[in-house]
Every structure is written in structure tokens, then in C-alpha cells.
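For reference, the structure is listed below as C-alpha cells.
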Amino acid sequence: MPKIETTAIHAGNIKTATGDVTQPISLSTTFFRDETGGYPGGHMYSRVSNPNRAALEQVLTQLEGGADACAFSSGNTAGMALFQALKPGSHIIAPDDMYWGFKKQLQSLFEGILEIDFIDLTQIGEIAQYIKHNTVMIWVETPSNPLLKITDVAAVASIANEHQLLLACDSTFASPCLQNPIVLGAHIVMHSSTKYIGGHSDVLGGVLVTAKKDEFWERIRNIQQVGGAVPAPFDCYLLLRSIKTLAYRMRGHSANGMALARYLEQHPKVEAVYYPGLSSHPQHEIAKKQMSDFGGMLSILVKGTGETAKKVVNSVHLFAQATSLGGVESLIEHRASVEGPDTKTPQNLIRISAGLEHIDDLINDLSQALG
Ligand SMILES: *Cc1c(COP(=O)(O)O)cnc(C)c1O
223 MPKIETTAIH AGNIKTATGD VTQPISLSTT FFRDETGGYP GGHMYSRVSN PNRAALEQVL
283 TQLEGGADAC AFSSGNTAGM ALFQALKPGS HIIAPDDMYW GFKKQLQSLF EGILEIDFID
343 LTQIGEIAQY IKHNTVMIWV ETPSNPLLKI TDVAAVASIA NEHQLLLACD STFASPCLQN
403 PIVLGAHIVM HSSTKYIGGH SDVLGGVLVT AKKDEFWERI RNIQQVGGAV PAPFDCYLLL
463 RSIKTLAYRM RGHSANGMAL ARYLEQHPKV EAVYYPGLSS HPQHEIAKKQ MSDFGGMLSI
523 LVKGTGETAK KVVNSVHLFA QATSLGGVES LIEHRASVEG PDTKTPQNLI RISAGLEHID
583 DLINDLSQAL G
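Have a look at this one:
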């Protein structure tokens, strides 16, 4: 098996009649049939499949060590396809700090359709007591947003297998370079490719990768093709281009994330730092076991109130005060005010996405903003 850097560069290049070294953008929505009624080019209509999406799905499948992938127009529609594939009346177990967009989706769009228990999935010993006769899936998110909690994927996989449940993992914060949930025992991996996979804050996308091409996966493929929440060829092209440098970007993000975490941990105005690479992190040992590095996401609690935190994010010059994550530019945000009035995120929490600028410039900016 080639290593990840090699797969990222080569797995998405599908041979073309014109001999392109790089996958060209195929804008055609429809494809020629032959006299037998078949589709000699392998594609019929671009909602169903097209060359750029096929290339993207191929490279993501290989990067995650899966059997197949479905690309969607956003991370949210990727997750939604999975929730839609479950039978109405199903019960799922999800983390209490699940990505707030999914929590909102489950509570509004799936109200009366799916039953959900939001629990602390870092407490492995307590999961089994929430499994009911209609439980079909455990959804984990690791590292989690915004507290960077780490869930032991292999441990949850053994619980899921024992009870014949699906295990899905939102692996967005890790990217396919830092952890591979399928290899750890998950059945389906989800990414918002808007984040590290895209990596340049200029394309929205999502993906599901499966460990097995089974009947449940066919339901998801059907939702993708018939529902039609698919990425445009140009978006697929951008993602394919981004993936080629993913492994190198993740090294830079992880190095900057670690350096910022260490700097902030000893800063007198900082009360706590949440970063899985720090030995002070409560699940640091699990992170070391299932991740190859710790990524560029960290959160801090500043000493003081929500107002103190807002003052810090309003004082940066180099960091962009904006939501989202995983781009080359560093971002900073006051998370509670992004999530709205019913958030459980502490008011003095600041979330940071470490970009790829020089670490000295990032530290200087935070140093002057913290005062
Ligand atoms: C951003 C994000 C999503 C949603 O993805 P979109 O591309 O914004 O729809 C899901 N999970 C996590 C962890 C995210 O950060």
C-alpha cells in the first residue's frame, strides 16, 4: 500500500482519452449513450455521477481505508443523508457536544422521525445503558467541537458490534490524515470537506465513506443520487486539488496547534487550554493511540467573562475573526455567540483554528490581543 502522501496525489487521477495528468473539469450534465442504450463513458447524468465526483470519491475512499464514498454539497447534507437512511422510529446515541449544526438538524428536521439521546461518549462504561430495542446507531465526533473531547473509537466500536449497531464518526477535526475511524472499527466516516480537506476556505462540501458496500450503503447512495445534494464538478476539482497537499498542510496545522497550545497553557490570562496534544488533556492517551498527530484546533478559556473573551477576539490583527476552521489562514472566534442563546459553550471560551502562517507571527498577535 502506498503511503498517504502518495495516495493523496495519485488516487484521484482517472485516465482520460486526452491524456490529462491532472483530472480536468467535466462540466457536461449529460453523457452519450451508444446504440445498445449503454453509457460507454461510465456516466449518464451528472446528478447520478460525473468524472470529477467519481475521482473525489475514489481518493477519499482510499485515504480512509474504506470500500466506497459519497460526496455531498456540504457536511450537513452528508450527515443528513445518513440520518435519512435510518428507518423512522430509530433511536440513535450522539455526543452531548455534537457539532451544533447536526444537533439543530436532528432536533428540527428529524423531530418525530428519529429519537436521540445526547450523552457524554467519553464515559465508555455508561454507553450500554442508553441502548434500547430501537437503537440502531452510535454517532461519535472526535475530536469534538468546541471542547476537543476525544472519544475512543475502537472502544465504542466494540460496544456497537456487540449490540449490532452502526458506528458513524464525524472525523472533520482530524481529516483523513490524522485518524482513520474505519481502521479503528467504525462503519461510516463523515467529513465536512469545507474544513481541512478543502483547506482554503473557498469550497463547501461533505463526504461519507463506508467500510462495506452493503444494503444500508445502497440506501445512502440512493439518497445522494435521487435527493441530489451533490457537489458541482468545479467544487470536486477544488477538493481534489486541495487533497494533494493535505498531508503536508496537516503537519503544519498540527505543529502550529501544538505550539499555540503550549504558549497559551502558560499564559497568565488563560484559565484552560483544550488541545488533545497536551499531556494535561484528559483523553491525551487515547488521542495518542488513535491519532497520528493532533491537528490545528484548540479552544481556550480566558480568565474573566464573555466580555473579556470578546475583547480578545476583537483585538487580533493577523487572525481572522470568523467561524469555520481548517483553512490556511488562522481563525479565531467567540464560540458561544456563534451558537446562539441556548448554547452550552462557556461564555469565556475562544476557539482557534491554527492556520499555516509562521508560528512567531501567530504568537505575537495572540500575545498583544491577550494584553
Ligand atoms: C463544519 C462542520 C460540519 C458541517 O459541515 P458544513 O460543510 O458546514 O455543512 C459538521 N461537523 C463538524 C465537526 C464541522 O466542523
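Be aware that the sequence shown starts at 223, since it is given in the numbering used here, and climbs by one per residue. The beta carbon of each residue, even a glycine, is placed where N, CA and C say it ideally should be.
- Burial check for Lys371: the Cβ neighbour count within 10 Å reaches 16 or more, so the residue is buried.
- In the DSSP assignment, Ile315 falls within the unbroken beta strand (DSSP E) covering 313–317.
- Closest by C-alpha distance to Ile572, out of Ile508, Val550, Lys491, is Lys491.
- Assigned with DSSP and collapsed to three states, Thr545 falls in coil, not helix or strand.
- The closest heavy atom of ligand 1 lies 7 Å or more from the beta carbon of Asp582.
- Nearest in C-alpha terms to Ser521, of all of Ala477, Pro568, Gly562, is Pro568.
- The DSSP-derived three-state label of Arg275 is helix.
- When rounded, the separation of the alpha-carbon atoms in Ser397 and Leu426 is 15 Å.
- Around the beta carbon of Arg255, a 10 Å sphere encloses fewer than 16 other beta carbons of the protein chains shown; the residue is thus reported as exposed.
- Pairing Leu547 with Ser514 gives a Cβ-Cβ distance that is not under 8 Å.
- Going by beta carbons, Ala230 and Ala469 fall inside the 8 Å limit.
- Going by DSSP, Tyr459 is part of the alpha helix (DSSP H) stretching over 455–465.
- Here His413 is buried: its Cβ has 16 or more other Cβ atoms, across all protein chains shown, within 10 Å.
- Val358 sits in a strand when the DSSP states are folded into three classes.
- Counting along the chain, Glu561 sits inside the alpha helix (DSSP H) bounded by residues 557–561.
- Fully enclosed alpha helix (DSSP H) runs of no fewer than 4 residues occupy 322–330, 375–384 of the stretch 316–390, in order along the chain.
- In this structure, Val431 lies away from Ile465, with their beta-carbon atoms at least 8 Å apart.
- Annotated three-state conformation of Val550 is coil, per DSSP.
- Beta-bridge partners of Ile419 (DSSP): none assigned.
- The way I'd put it, the stretch 472–485 doesn't touch the stretch 332–342; fewer than three beta-carbon pairs between them come closer than 8 Å.
- In the structure shown, the three-state DSSP call for Met513 is coil.
- Checking the 7 Å criterion, the Cβ of Gly297 is within range of a heavy atom belonging to ligand 1.
- For the set Ser296, Gly311, Glu493, Val358, the Cα lying nearest the Cα of Gly526 is the one of Glu493.
- Residues Arg269, Val270 of the same chain have their beta carbon placed closer than 7 Å to that of Gln447, with the five preceding and five following residues left out of the count.
- Under the 10 Å beta carbon count, Gly260 is surrounded by fewer than 16 other beta carbons and is classified as exposed.
- Within the DSSP secondary-structure output, Thr252 pairs in a beta bridge with Tyr267.
- Restricting attention to Ala316, Thr238, Met302, the CA atom closest to the CA of Val358 is found in Ala316.
- Annotation: Leu553 to His355 spans about 43 Å, alpha carbon to alpha carbon.
- Between ligand 1 and the CB of Ser414, the shortest heavy atom gap is smaller than 7 Å.
- Straight through space, the alpha carbons of His503 and Tyr496 are spaced by roughly 7 Å.
- Across the structure, Ile349 and Val378 are spaced so that their CA atoms are roughly 8 Å apart.
- The residues Val538, His539, Leu540, Phe541, in chain order, have a CB closer than 7 Å to that of Asp587 in the same chain once the five nearest residues on each side in sequence are set aside.
- In chain order, Glu279, Leu282, Thr283, Val429, Leu430, Val431 place their CB closer than 7 Å to the CB of Ala291, counting only its own chain and leaving out the 5 sequence neighbours on each side.
- DSSP links Met480 through a beta bridge to no other residue.
- Under the three-state reduction of DSSP, Asp392 is assigned to strand.
- Between the C-alpha atoms of Thr251 and Met266 there is a straight-line separation of about 8 Å.
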